[in-house]
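For the record, the sequence lines run as chains B and U.
The numbering of the first sequence is the working numbering, which starts it at 160 and goes up by one.
The numbering of the second sequence is the working numbering, which starts it at 809 and goes up by one.
Glycine included, C-beta positions come from ideal geometry on N, C-alpha and C.
Model, not experiment: these values are computed from the prediction.
Here is the structure we will look at, set down as structure tokens.
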Amino acid sequence: MSWKSLTKNNNIIILGLPVLAAGILLSLLSGNAAVTSGELFRALTGEGASRAADVILRQIRLPRTAACLLCGSGLSVAGLLLQEALSNPLASPGIMGINAGAGLFVLISGLFLPYLYAIRNAAAFAGALFSALLVFLIARKAGMSRSVIVLSGVAVSSMMTAASNAIITLRPESVSDKIGFSMGSLSGIDTGKLYIPAVLIMLGVTAAFFLGPGIELFDIGDEAAQGLGLAVERHRKMTVACAALLSAAAVCLCGLLGFVGLIVPNILRLKEGFSVRKKIIGCILWGSSLLLYCDTLMRTLFYPYELPAGLLLSLIGTPFFIFLLMRRGARGRRHD
Amino acid sequence: MTEPMIEIKDFRAGYRGVDKIRAVGLEIRPGRILGILGRNGSGKSTFLKALVGIIPYEGHAFLDEKELSHMTHKERAGHIAYLPQLLSSAHMSVATLAAHGRFSRMSFSKVMGEKDHEAVRAALEKTGMWEERHRIVAELSGGERQRAYLAMVLAQDSRYLLLDEPASSLDITHQIEIMELLKELALEGRAIVITSHDLPQSAAYCDSICLIDHGIAGSAMSPKELAGQQNDILRKSMGVTMVPSGKGLYPYVLER
């Protein structure tokens, strides 16, 4: 494939590269520690910085930036998968209660096995799948329309959140940062927490990449897709399971971070004609960037205080959700 | 090996344990158009859906002596292409839609090769959709959409084409266009199966016709037989008979 055919019409995606690179640099170098950006930059390039700068970079900034990259890509690819699998632009891990389910199961595993960090990822995956299953069961009974899926997601989500809040209230020690957990925050990430979710998210994104061409066929209708040789039901289940895996791994790192999975894939969808694989690449670049900038902004803007990144995302995300609802109304009621 | 064909024997399929279609024996052969005719709800669509594995069947459907239900979806799609009656107004270009026809032909990585591009181009040219390839499927007219989807199943390059009412929602000009195209495809050596309730049209284009009466598929007969000695079967299942017209678009006209 020539460079020209690669860049043709892919401007949105290509633009994500410099934006992401700048975001990474910004996230690494800015913060509220008493170390200047210049010194951190010297630590980054390895030319004789102070010991403090070196430690901050290695133990605080790098893990945090990596977590932003992982959660941003994981959640936006998860959102993309859900939207494609359900042909519903309003679907996302936050709205469908998948994040909330993962969060609840993480809290429960923390209650019973507080010292086993590794088990949390498995618990989160189980919770994410559980929520997805609940939403499907409700939606199947009530008719699989767009609004029904969203509404049953909201119902499942509030149930899971209520249970989570009960646990947090009764056993405050079960979570170190209550607001951070329920809004979604990237503070307090250390390298040790990073490995398992990192592997899971990379696995999930790779799986999504291979599921892509089949996912594409969902849009032409189940029967036609089956005629083309796709095991439609199985493929859809695998797609949702992959989304659950990605959300679960992200929740283990950053708590109940909403709206990333809603905003990013929908922006990529504004321009028609991207294949699912291209959208996945776009989700990785722009999802990571969105989270990096939100996180960096929220920890520098109100220095010396730090607000959770999820707060800003909700502030941006809610109007965006309303915009999607109105756009959908204008484009006609295709699936209802 | 014997001549390639799909051989249906003691075939039953339906929903939730209730048979909607039974067929004692039927053969689908390359180079021929087989019309499945019956009234609304007689089980025509169910029959095609069972053959492509959308619903399970009991009994036998052998493709070159291999049971269809034992094949994977991918394997079956290599032999049989299927076009449902209702076509989704997909938000993709005509070219992308046609390229999806190559799904079962591509390896695990699903990257289009030279051969895939050629097949897609040939299919779009054959259906007259090459010039329209950049348009969005959802914005096409009914006739164009039908042809775009037809390009998709042609790109699949399968020997057997099962088309569920490919013409019924179109105006008469487009209907004839589609039927002429199918005739051409049959001459190229494909086996075509269409469902329809348009008796004179099917009699004009199909090599043989299988009548479905309340879920029971009869044996395939030539239009000539149906208009001649078998016309009481026709009267029983469709409520009409056919007689030679002598002139006009179709060789037979209906009589009550």
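Distance, residue j Cα to residue i Cα
i	j	result
U/S1027	B/N425	53 angstroms
B/I374	U/E1063	49 angstroms
U/E996	U/H887	15 angstroms
U/E973	U/M813	22 angstroms
B/S500	B/V313	Only positions 160 to 495 of chain B appear in the structure, and residue 500 of chain B is not among them; the question remains open.
B/T455	B/Y464	12 angstroms
U/I1000	U/S1030	15 angstroms
B/L241	B/T398	7 angstroms
B/I297	U/L856	31 angstroms
U/L895	U/Y957	8 angstroms
U/L876	B/A402	33 angstroms
U/H1005	U/G846	6 angstroms
U/A907	B/A384	13 angstroms
B/V435	B/G371	5 angstroms
U/L905	U/I980	25 angstroms
B/G446	B/G231	4 angstroms
U/Y865	U/R820	6 angstroms
B/L421	U/I944	25 angstroms
B/D495	B/S246	Note on B/D495: pLDDT 40, under 50, position unreliable in the model; no value is reported.
B/V178	U/R824	55 angstroms
U/G921	U/S915	10 angstroms
B/I379	U/D924	19 angstroms
B/L199	B/V265	34 angstroms
U/E952	U/I862	26 angstroms
U/V919	B/G432	17 angstroms
B/G175	B/S448	8 angstroms
B/N170	B/L184	22 angstroms
U/S917	B/V423	25 angstroms
B/S290	B/L310	13 angstroms
B/K430	U/E947	16 angstroms
B/P356	B/A287	14 angstroms
U/E939	U/V902	10 angstroms
B/F479	B/L416	16 angstroms
Per DSSP, the bridge partner or partners of residue i
i	result
U/E835	U/E815
U/Y1060	U/P1052
U/S1004	U/L845
U/C1018	U/I844
U/F870	U/E815, U/E875
U/I829	U/A821
U/M1046	According to DSSP, which records beta bridges pairwise, U/M1046 is partnered with nothing at all.
U/L969	U/A889, U/I1000
U/M1029	U/I1017
B/Y354	B/Y354 pairs with nothing; no bridge assigned.
U/S901	U/I944
U/Y865	U/A821
U/I1024	U/R830, U/D1021
8 angstroms contact criterion, which residue i and residue j should meet: CB distance rounded
i	j	result
B/L239	B/I439	7 angstroms
B/A194	B/A181	Checking the sequence, you will find Val at residue 194 of chain B rather than Ala. That belief does not hold up - the Cβ atoms of B/V194 and B/A181 are roughly 20 angstroms apart, past 8 angstroms.
B/G476	B/F418	3 angstroms
B/I308	B/A226	Their Cβ separation, rounded to whole angstroms, is 30 angstroms, which puts B/I308 and B/A226 out of contact at 8 angstroms.
U/P909	U/G1023	One detail in the question is off: residue 909 of chain U reads as Gly in this sequence, not Pro. 31 angstroms between Cβ atoms; not a contact.
B/V236	B/A400	Not a contact, Cβ separation roughly 13 angstroms.
U/T935	U/A898	Not really, about 16 angstroms apart at Cβ, beyond 8 angstroms.
B/S333	B/I326	6 angstroms
U/A1035	U/M1050	4 angstroms
U/I1002	U/L990	7 angstroms
B/R220	B/G190	7 angstroms
U/K882	U/S912	5 angstroms
B/A468	B/F377	Not confirmed; about 32 angstroms, so no contact.
* Asked: Between the region 869 to 882 of chain U and the region 347 to 356 of chain B, do three or more beta carbon pairs fall short of 8 angstroms?
  -> Flag = no, the region 869 to 882 of chain U and the region 347 to 356 of chain B do not touch.
* Is the region 374 to 389 of chain B close to the region 307 to 321 of chain B, with three or more CB pairs under 8 angstroms? -> Output reads no: the region 307 to 321 of chain B does not touch the region 374 to 389 of chain B.
* Check whether the region 881 to 899 of chain U touches the region 963 to 980 of chain U, taking contact to mean three or more Cβ pairs, one atom from each stretch, closer than 8 angstroms. => Yes: at least three Cβ pairs fall under 8 angstroms.
* Evaluate the contact criterion for the region 407 to 414 of chain B versus the region 272 to 282 of chain B: three or more CB pairs, one atom per stretch, below 8 angstroms. => Segments in contact, yes.
* Runs of alpha helix (DSSP H) lying entirely within the region 909 to 961 of chain U, each at least 4 residues, in chain order -> Scanning the region 909 to 961 of chain U for uninterrupted alpha helix (DSSP H) segments of 4 residues or longer gives 922 to 934, listed from N- to C-terminal end.
* Every unbroken alpha helix (DSSP H) inside the region 200 to 240 of chain B [4 residues or more] -> Complete alpha helix (DSSP H) runs here, min 4: 210 to 215.
* **Continuous beta strand (DSSP E) assignments of at least 3 residues falling wholly in the region 241 to 288 of chain B** => The region 241 to 288 of chain B contains no whole beta strand (DSSP E) run of 3 or more residues.
* Given 8 angstroms, three or more beta-carbon pairs between the region 1001 to 1017 of chain U and the region 834 to 842 of chain U -> Contact between the region 1001 to 1017 of chain U and the region 834 to 842 of chain U is present, because at least three Cβ pairs lie under 8 angstroms.
* Just checking, does the region 1037 to 1054 of chain U make contact with the region 916 to 933 of chain U on the three C-beta pairs under 8 angstroms criterion? -> The count of Cβ pairs closer than 8 angstroms, one atom from the region 1037 to 1054 of chain U and one from the region 916 to 933 of chain U, stays below three, leaving the stretches out of contact.
* Asked: Counting Cβ pairs closer than 8 angstroms, one from the region 428 to 439 of chain B and one from the region 252 to 260 of chain B, do we hit at least three?
  -> Short answer: they don't touch.
* Ranges of the beta strand (DSSP E) found wholly within the region 358 to 420 of chain B, counting only runs of at least 3 -> Complete beta strand (DSSP E) runs here, min 3: none at all.
* Asked: Between the region 324 to 341 of chain B and the region 202 to 212 of chain B, do at least 3 Cβ pairs fall closer than 8 angstroms?
  -> The region 324 to 341 of chain B, when compared against the region 202 to 212 of chain B, does not touch it at the 8 angstroms Cβ threshold.
* **Uninterrupted beta strand (DSSP E) stretches inside the region 425 to 495 of chain B (no shorter than 3 residues)** => Runs of the beta strand (DSSP E) lying entirely within the region 425 to 495 of chain B, each at least 3 residues long, are absent.
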